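Participant:
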Amino acid sequence: MYANEELLYYLLPLNTNQAVIEQLYACFSRKDYQGMSACYHPDAEFSDGVLAVKGKQIAAMWHLLCESANDLSVECYLWNADGVQGSADWEATYTFSPTGRKVHNLFHARFDFSEGKIIRHRENFHFWRWAGMALGTTGLLLGWTPFIRNQVRKTAVANLREFADKHPQYTALFT
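Take 1 as the starting number for the sequence shown in this note's numbering and just add one per residue.
1) What three-state label does DSSP hand Thr16 in the structure shown?
2) For Arg129, name the three-state secondary structure that DSSP assigns.
3) Please state the DSSP three-state secondary structure of Ser37.
4) Determine contact between the stretch 19-32 and the stretch 74-93, defined as no fewer than three beta-carbon pairs at a distance below 8 Å.
5) State whether the stretch 60-73 contacts the stretch 137-148, with contact taken as three or more CB pairs (one from each stretch) at a distance under 8 Å.
6) In terms of residues, what are the limits of the alpha helix (DSSP H) holding Lys31?
7) With DSSP collapsed to three states, give me the class of Ser97.
So, in structure tokens, the structure goes:
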């Protein structure tokens with residue numbers, strides 16, 4: 001491999017993978033779940049400490065979030081990527097509908113890429129902080145416990161399954 005070819009090898013994936021991250025969050029800020037889904041490899045995996053989904057389940061998750069978020073504001077303010085990995089720091093502000101409480105959540109996302117798409121997406125956020133905002137006093141006092149996290153997980157899974165049952169393109173994903 002010549003020096004120029006080697007440089008091109010490293011620069012092209014960098015720009016492509018950075019563009020995928022940019023597209024993901026630009027689409028999220030517009031509530032464009034289809035555009036978000038296009039960023040993922042068919043065998044992709046997503047996890048955020050509450051929910052773990054894979055493949056087309058990811059599309060169902062983003063569809064649910066985009067459709068149910070009335071006042072969602074998303075801002076990705078720092079992202080980078082190389083030929084195989086990437087990361088992003090972003091924030092979301094929204095009203096948590098079960099309680100009507102305002103949430104301002106901060107995230108750090110890590111990505112692995114394959115064939116120009118996201119193959120693994122891991123989100124990290126401070127669950128206890130989120131629980132305090134979303135659930136109020138109960139979340140503030142008990143948000144650090146596995147009990148609260150498990151209750152939130154069960155509710156999230158149930159909501160996603162209920163959503164999938166109402167959308168034929170997702171029904172078979174959660175059987």
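Heads up, the beta-carbon is just placed ideally off N, CA and C, and yes, glycines get one too. Computed from a predicted model, the values in this text were never measured in an experiment.
Facilitator: So, to answer that:
1) Residue state for Thr16 is assigned as helix, using DSSP reduced to three classes.
2) If DSSP states are grouped into helix, strand and coil, Arg129 belongs with the helices.
3) helix
4) yes
5) no
6) Unbroken run through Lys31: none, as it is neither H nor E.
7) coil
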